[in-house]
Amino acid sequence: MVDLAHPLLAIEIDGEACGSIALRPGRGERAHVAELGYWLGRRYWGQGRMTRIVATYLDWAIPALGLLRIETSVLDSNPASARVLEKNGFVREGIRRGALRKHGRLHDLHLFGRIQAP
């Protein structure tokens with residue numbers, strides 16, 4: 001059973017837990033919006049798996065949660081994740097410059113959004 005207030009799913013491939021995908025739904029005036037997050041173990045990169053996982057997850061989650069907008073951000077150093085989003089209908093909406101410090105270095109976050117027709 002999935003807790004719809006916090007829809008977090010483990011990603012399992014060949015019996016091995018290797019990632020996760022989740023939405024963080026908004027509240028009040030932003031109840032129609034959710035933030036998407038995901039990760040996948042390096043061993044499974046470059047195989048098109050995450051593109052299919054995101055598509056399947058959103059096909060289930062959007063109607064289940066009554067969402068109209070999904071948003072997320074991607075590190076400037078992760079163009080593969082940006083491609084996953086673009087293949088799933090997300091549009092690049094902007095950049096938050098120097099928004100994240102990782103390994104002692106500032107990184108930009110590329111903002112993506114997807115609007116679902118009501």
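In this text, residue positions in the sequence shown follow the UniProt record's numbering: the first is 1, and each later residue adds one. Just so it is clear, CB atoms sit at the ideal spot from N, CA and C, and this is done for glycine as well.
Starting from residue i, follow the beta strand (DSSP E) in both directions and report where the run begins and ends.
i: D59; result: No beta strand (DSSP E) contains D59, which is instead part of the alpha helix (DSSP H) from R49 to L65.
i: R24; result: E16 to P25
i: L8; result: L8 to I13
Name, in chain order, the residues that DSSP records as bridge partners for residue i.
i: R96; result: L109
i: R69; result: V33 and I115
i: Y38; result: I21
i: R101; result: L106
In whole angstroms, what separates the C-alpha of residue i from that of residue j?
i: G26; j: D108; result: 24 Å
i: residue 169; j: R97; result: Nothing about residue 169 can be read from this structure; the chain reaches only from 1 to 118.
i: R114; j: I70; result: 5 Å
i: C18; j: P118; result: 34 Å
i: I95; j: H103; result: 20 Å
i: L40; j: E29; result: 32 Å
i: G66; j: H6; result: 14 Å
i: T51; j: L9; result: 15 Å
Locate the alpha helix (DSSP H) running through residue i, then write down its first and last residues.
i: A80; result: P79 to K87
By the 10 Å Cβ neighbour count, where 16 or more other Cβ atoms means buried, how is residue i classified, buried or exposed?
i: V54; result: buried
i: H110; result: buried
i: N88; result: buried
| said: Does the region 54 to 64 come into contact with the region 72 to 80, if we say contact requires no fewer than three beta-carbon pairs (one atom in each stretch) closer than 8 Å? | reply: The answer is no - the region 72 to 80 does not touch the region 54 to 64, with fewer than three Cβ pairs under 8 Å.
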